[in-house]
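Report on the structure given below.
Numbering (the numbering used here), first residue to last: 121 to 548.
This is how it looks when you write it as structure tokens:
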């Protein structure tokens with residue numbers, strides 16, 4: 121299994137691969153993860169999964185540096201039955217292009233959304249991509265109608281499966297922590313709004329905060345929890361900082377990457393710009409409102425699961441996504457969600473029955489931009505309709521248990537792998 125970042129790095133890709141890898145080990149399979157070397161990683165295995173790391177950075181567009189030949193040799197010489205790569209526009213996928221024909225194993229690729237499809241700097245990349253995709257035995261998509269699967273269909277590539285994301289049953293099949301509210305200083309009768317995502321400026325924290333500020337709570341006390349991964353300046357390790365910057369470049373494009381580097385550099389010397397400055401001003405105004413409170417935090421994973429369970433409503437206003445894990449996690453917690461139409465969030469709302477979609481516009485590059493006033497109206501409606509929230513929460517919990525646990529999803533992947541191997545044996 122090949123992915124740009126893996127534990128102890130935190131993120132959606134990392135979580136998905138870790139959930140799948142460890143469950144494959146539990147099924148009796150032999151699993152290795154190929155990923156970027158991090159000095160914070162102390163061991164070459166985790167929960168039965170071997171980790172083979174390489175000092176490589178960059179992608180096809182920005183340029184790749186480091187142990188590229190070592191990685192190519194590792195992939196082409198080792199006797200694996202299946203090699204699965206997650207996400208385009210990053211080195212564990214892009215570095216394989218020259219050697220794909222030499223890989224004897226069944227080749228599986230999860231495109232993961234093609235976030236750069238509309239970016240001018242990636243035009244040449246996507247012109248070459250159809251020929252690369254045809255070299256894989258199976259593509260796996262998370263959504264039935266999104267830019268990556270539509271790209272494949274437009275180029276006549278039909279050897280794909282649709283396997284959704286999910287949430288961890290080992291985390292969410294537990295009782296709520298009665299001390300969670302107290303641990304964050306939240307009153308027992310406060311209505312809790314929660315939003316979760318990295319503090320990149322594109323995950324909707326500002327939009328949710330602005331909507332919360334203007335929302336008419338009809339006299340009810342409320343707290344907004346803004347949870348996010350630590351920003352780049354908190355990384356003490358230089359390699360992890362560089363890796364974080366490259367992750368931003370891969371996901372959001374070179375133009376946004378440049379802006380992000382400048383913003384982080386200014387932030388490190390105490391100057392806040394753009395959404396950072398707006399966020400601080402919004403939080404200050406919220407705290408002046410009687411009955412409204414805001415908590416900005418980066419909770420450790422067990423506490424974050426408790427936050428999902430304690431929340432009355434999960435609100436998601438991200439500008440760009442593919443298949444957001446947080447919506448599955450909200451459903452798993454039995455918490456209703458309100459989301460903008462980003463990635464395949466509308467499909468997740470239908471699949472889980474746990475969510476309501478707030479209308480929002482998409483710009484020419486595919487970014488979702490919600491009007492905070494519109495979002496506030498939808499938040500207020502759900503606050504006042506307790507019966508609807510209960511129905512959504514109960515439906516989400518039930519459907520997650522039946523279809524969207526990682527245990528069930530990992531079995532779907534295993535079935536795909538075994539089918540590919542059977543086809544290879546028949547052809548041989």
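For each residue, glycine too, the CB sits at the ideal point set by N, CA and C.
- When the beta-carbon positions are compared, residue 285 and residue 445 come within less than 8 Å of each other.
- Residue 490 holds the alpha-carbon nearest to the alpha-carbon of residue 322 among 528, 278, 490 and 543.
- If only uninterrupted alpha helix (DSSP H) runs of at least 4 residues are considered, those enclosed by the stretch 138-202 are 188-197.
- Contact between residue 530 and residue 258 fails: their C-beta atoms lie close to 16 Å from each other, not under 8 Å.
- When 304, 436, 334 and 521 are compared, the shortest CA-CA separation from residue 417 is found for 304.
- Comparing alpha-carbon positions, the option among 454, 313 and 349 lying closest to residue 129 turns out to be 349.
- Residue 436: not part of any alpha helix (DSSP H); member of the beta strand (DSSP E) spanning 433-436, first to last residue.
- By the Cβ criterion, the stretch 147-156 is not in contact with the stretch 222-229, since fewer than three pairs of Cβ atoms, one from each stretch, lie closer than 8 Å.
- DSSP lists 315 and 416 as the beta-bridge partner residues of residue 346.
- Cβ-Cβ separation between residue 268 and residue 234: approximately 4 Å, consistent with a contact (criterion under 8 Å).
- A direct Cα-to-Cα measurement between residue 318 and residue 294 gives close to 25 Å.
- It is roughly 13 Å from the alpha-carbon of residue 526 to the alpha-carbon of residue 145.
- Between residue 203 and residue 195, the C-beta gap is smaller than 8 Å, which places the two residues in contact.
- Under the 10 Å beta carbon count, residue 467 is surrounded by 16 or more other beta carbons and is classified as buried.
- Taking each of 184, 255 and 282 in turn and checking the Cα distance to residue 532, the smallest one comes out for 282.
- About 7 Å separates the beta carbon of residue 473 from that of residue 512, a gap short enough to meet the 8 Å contact definition.
- The continuous stretches of alpha helix (DSSP H) do not include residue 459, which lies in the beta strand (DSSP E) extending over residues 457-459.
- In this chain, the beta strand (DSSP E) harbouring residue 259 covers 258-261.
- The residues 258, 259, 260, 261, 269 and 272, in chain order, have a CB closer than 8 Å to that of residue 280 in the same chain once the five nearest residues on each side in sequence are set aside.
- Between the alpha carbons of residue 542 and residue 484 lies a gap of roughly 44 Å.
- Distance from the Cα of residue 499 is smallest, within the candidate group 508, 488, 458 and 300, for 458.
- Here residue 429 is near residue 453, since their CB atoms are less than 8 Å apart.
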